[in-house]
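Okay, so the sequence shown: first residue is 0 according to numbering that gives the first Met the number 0, each after it adds one.
From the three backbone atoms N, C-alpha and C, an ideal C-beta is built for every residue, glycine too.
Down below is the structure, laid out as structure tokens.
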Amino acid sequence: MPVGTVSIPRICQPGNITVTAVNGRVPGPVIEAKEGDAVVIHVVNDSPYNVTIHWHGVFQRRTPWADGPSMVTQCPIRPGGRYTYRFAVAGQEGTLWWHAHTSFLRATVHGALVIRPRQAYPFPNPDGERTVLLGEWWNADAVLLERQAFLAGTSIAPADAYTINGNPGDLYGNCHATTNRGISRFEVRRNSTYLLRIINAALNTQFFFKVSGHTFTVVAADASYTAPYKTDVIVLAPGQTVDALMAADASSPAAGSYYMAISPYQSAIPLRPGSFNGNVTTAIVEYAGSTPNHHSPPAMPVVTDTPAAHRFYTGMTSLLRAGSRSAVPLAVDTRMFVTIGLGFSACAPAQTSCNKSAPVVAATMNNQSFTLPTAVSLLDARFRNAARGVYTADFPDRPPVPFDYANATGRELLGAALASTGRASTKVRTVRYNATVEVVLQSTALVGRESHPMHLHGFNFFVLAQGFGNYDAAAAEEGFNLVNPQERNTVAVPTGGWAVIRFVADNPGMWFMHCHIDAHLSIGLAMAFDVEDGPTPDTALPPPPRDLPKC
Ligand SMILES: [Cu+2]
Numbered sequence: 000m001p002v003g004t005v006s007i008p009r010i011c012q013p014g015n016i017t018v019t020a021v022n023g024r025v026p027g028p029v030i031e032a033k034e035g036d037a038v039v040i041h042v043v044n045d046s047p048y049n050v051t052i053h054w055h056g057v058f059q060r061r062t063p064w065a066d067g068p069s070m071v072t073q074c075p076i077r078p079g080g081r082y083t084y085r086f087a088v089a090g091q092e093g094t095l096w097w098h099a100h101t102s103f104l105r106a107t108v109h110g111a112l113v114i115r116p117r118q119a120y121p122f123p124n125p126d127g128e129r130t131v132l133l134g135e136w137w138n139a140d141a142v143l144l145e146r147q148a149f150l151a152g153t154s155i156a157p158a159d160a161y162t163i164n165g166n167p168g169d170l171y172g173n174c175h176a177t178t179n180r181g182i183s184r185f186e187v188r189r190n191s192t193y194l195l196r197i198i199n200a201a202l203n204t205q206f207f208f209k210v211s212g213h214t215f216t217v218v219a220a221d222a223s224y225t226a227p228y229k230t231d232v233i234v235l236a237p238g239q240t241v242d243a244l245m246a247a248d249a250s251s252p253a254a255g256s257y258y259m260a261i262s263p264y265q266s267a268i269p270l271r272p273g274s275f276n277g278n279v280t281t282a283i284v285e286y287a288g289s290t291p292n293h294h295s296p297p298a299m300p301v302v303t304d305t306p307a308a309h310r311f312y313t314g315m316t317s318l319l320r321a322g323s324r325s326a327v328p329l330a331v332d333t334r335m336f337v338t339i340g341l342g343f344s345a346c347a348p349a350q351t352s353c354n355k356s357a358p359v360v361a362a363t364m365n366n367q368s369f370t371l372p373t374a375v376s377l378l379d380a381r382f383r384n385a386a387r388g389v390y391t392a393d394f395p396d397r398p399p400v401p402f403d404y405a406n407a408t409g410r411e412l413l414g415a416a417l418a419s420t421g422r423a424s425t426k427v428r429t430v431r432y433n434a435t436v437e438v439v440l441q442s443t444a445l446v447g448r449e450s451h452p453m454h455l456h457g458f459n460f461f462v463l464a465q466g467f468g469n470y471d472a473a474a475a476e477e478g479f480n481l482v483n484p485q486e487r488n489t490v491a492v493p494t495g496g497w498a499v500i501r502f503v504a505d506n507p508g509m510w511f512m513h514c515h516i517d518a519h520l521s522i523g524l525a526m527a528f529d530v531e532d533g534p535t536p537d538t539a540l541p542p543p544p545r546d547l548p549k550c
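Below is the structure:
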């Protein structure tokens, strides 16, 4: 996979823009595999930036050096350098994706990773499949935008457009007459059923997804099969995927084509005007042999429709196959209660254009604002038993000061109760091999309520329960789904609420857990699990591959 510089037309503005992309295209190539395949990908960095590639959702069992997050499992591939990622996609089927895991590079460096089953799908075989990759586009180099925002201690501007398979569609703003990027088209045959593999590759935005005149049956999320779930709206947070069957059986025979559309779900409370792009992005579903004559676009939920998002996010359950039992581990070894959210901190010395007299926004988990090491990766430091000066193993199991998480706001409280909010540190939580880990993710309201899509590397987790307000263990445990909870790699924790996840730490390595909103990851909404070695040679951390990039 060559990563290089490419000139691409701006959206809604004349001229081209230079961005970094794989194979010269945004999105990049679809990687197709069968369950159990060994995957070998040579990444050649012809770009001016440091690059790593993360294989989002791949367990990386026995291959922790191939996971990809920069300075967590590897040093970046320098300009002119190369690295070969080798891993297996075993015990996983469905739609995943790959993306750069350095800075904001994933705005343009991403693509689908499709894993098909060896045998049959656990649902009627579709007549066709379509990959639908949702993105966010800036008419600027996102890496430079992120750099400027960091130096100034501000947030990056909203995207200039949302895209479906790289295109903004024909309703974008008032500029469709001048847009020099097109509209994506999906041809279908009447009375056929299609498997849509939908991926939210956007950096900072959750999406509502609809197709005019059609409904869906969701069959998988994050490459885990779900019980068939019927809906006319699909919701995806950054990092998430949904596989949905769509029957091409639109009732209006006069129409030959229908709009597919995405619109933003903005969970922030309060929602600041100007903090997001409200545009609807479209594509066309076209019936073969008919005259294109698209219906009006679907009625999208309003941008703040949290009930619609919550209905979808909580409506799915995992697919229990005949004769199989629930895989949810019942005995918990390690319990954590982790606050997630935004706070304030002082400008860091490296933020050279920051207003030193005003606080800047920082993000924390249990009051710790994560900062990446600079000299050596976490995994390398662990492998060499050389954590000193790189990370500490004291990520706390609770916040330092309990408070009214979902309601308390204001700087006085931040100052009084959270004196250390935003203090940058590199803390991991060490976990015994094979331990069952339960984490309550509790979102805070200090700066504003917001839904944070929390992503765990190296594992899927079961989502046992989700809710709004402060977590109440006694009440919540009554409602735990221990029978068929959805299994995911990214959960959108409800805005001003909580989610309970559980996973078995049976994969030794350093596994990043972080908000998949890049604007929050870059200011510290992250931590890592250090999963210890097991008792046998094949449950121990393997040595790094010879071509692992050096710092
Ligand atoms: Cu977040």
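Among the options, nearest to residue i - alpha-carbon criterion
i      : options                           : result
Phe479 : Arg501, Thr494, Ser424 and Val492 : Arg501
Trp97  : Arg428, His109 and Phe149         : His109
Ser154 : Tyr432, Ala361, Glu486 and Val284 : Ala361
Thr214 : Thr204, Thr230 and Gln205         : Thr230
Phe58  : Ser223, Leu520, Ala464 and Tyr193 : Ser223
Val38  : Asn49, Arg24 and Trp54            : Trp54
Met0   : Val29, Lys355 and Ile10           : Val29
Arg180 : Trp136, Val187 and Asn199         : Trp136
Tyr404 : Glu128, Ser344 and Phe336         : Phe336
Ser449 : Gly56, Ala160, Leu95 and Ala518   : The identity of residue 449 in the sequence shown is Glu, whereas the question assumes Ser. Minimum Cα distance to Glu449 is reached at Ala518.
Val490 : Phe382, Ala236 and Arg431         : Ala236
Ala551 : Ala473, Thr62, Gly127 and Thr333  : Absent from the structure is residue 551, since the part of the chain shown begins at 0 and ends at 550.
Tyr581 : Thr280, Asp36 and Glu31           : This structure gives no information on residue 581, because the portion of the chain shown stretches from 0 to 550.
Local Cβ density within 10 Å of residue i, reported as buried at 16 or more and exposed below that
i      : result
Asp242 : buried
Asn124 : exposed
Leu445 : buried
Gln205 : buried
Gly421 : Residue confidence for Gly421 is low, a pLDDT of 47 falling below 50, so the modelled location carries little weight; the figure read from the coordinates is stated next. Label assigned to Gly421: buried.
Thr225 : buried
Ser250 : exposed
Ala196 : Per the sequence presented here, residue 196 reads as Arg, with Ala not at that position. So Arg196 counts as buried.
Leu118 : It should be noted that the sequence gives Gln, not Leu, for residue 118. Counting Cβ neighbours within 10 Å, Gln118 comes out exposed, since fewer than 16 surround it.
Asp537 : exposed
Pro296 : buried
Gly277 : exposed
Arg105 : buried
Val331 : exposed
Asp529 : buried
Residues near residue i in its chain [Cβ-Cβ closer than 7 Å; skip 5 each side]
i      : result
Ser46  : Val2, Gly3, Thr4, Thr19 and Pro78
Cys74  : Ser376, Pro548, Lys549 and Cys550
Ala148 : Ser154 and Ile155
Cutoff 8 Å; reference residue i; Cβ partners in own chain excluding five residues on either side
i      : result
Ser419 : With a pLDDT of only 48 at Ser419, under the threshold of 50, the placement of this residue in the model should not be trusted, and no figure is reported.
Phe207 : Val232, Ile233, Val234, Ile261, Ser262, Pro263, Tyr264, Met299, Pro300, Asp304, Ala307 and Ala308
Val389 : Pro372, Ala374, Val375, Leu377, Ala380 and Thr425
Gln485 : Ala220, Ser223, Thr225, Met315, Thr316, Ser317, Phe461 and Val462
Collapsed DSSP secondary structure at residue i in the structure displayed
i      : result
Asp379 : helix
Arg61  : coil
Gln147 : helix
Thr535 : coil
Leu520 : helix
Gly79  : coil
Thr305 : helix
Tyr312 : helix
Leu195 : strand
Val50  : strand
Arg487 : strand
Leu318 : coil
Val503 : strand
Ala418 : Confidence at Ala418 is low in this model, with a pLDDT of 46, below 50, so its placement is unreliable and the value that follows should be read with caution. Correct three-state label for Ala418: coil.
Glu31  : strand
Ala176 : For Ala176, the pLDDT reaches just 49, beneath the cut-off of 50, and the residue's location in the model is therefore unreliable, leaving the point undetermined.
Neighbourhood of residue i by C-beta, 6 Å cutoff - its chain only, sequence neighbours within 5 removed
i      : result
Ala246 : Thr192
His100 : Thr51, His53, Gly67, Pro68 and Ser69
Thr216 : Pro227, Lys229 and Leu244
Pro328 : Thr435 and Val503
Ala415 : The pLDDT assigned to Ala415 is 43, lower than 50, so where the model puts this residue is not dependable, and the model offers no usable value.
Phe311 : Val234
Gly533 : Tyr432
Ser566 : Only positions 0 to 550 of the chain appear in the structure, and residue 566 is not among them; the question remains open.
Met364 : Val337, Ile339 and Met526
Ser6   : Asn15 and Thr17
message: Taking 6 Å as the limit, name every residue whose beta carbon sits nearer than that to some heavy atom of ligand 1, in sequence order.
response: His451, Cys514, Ile516, His519 and Leu524
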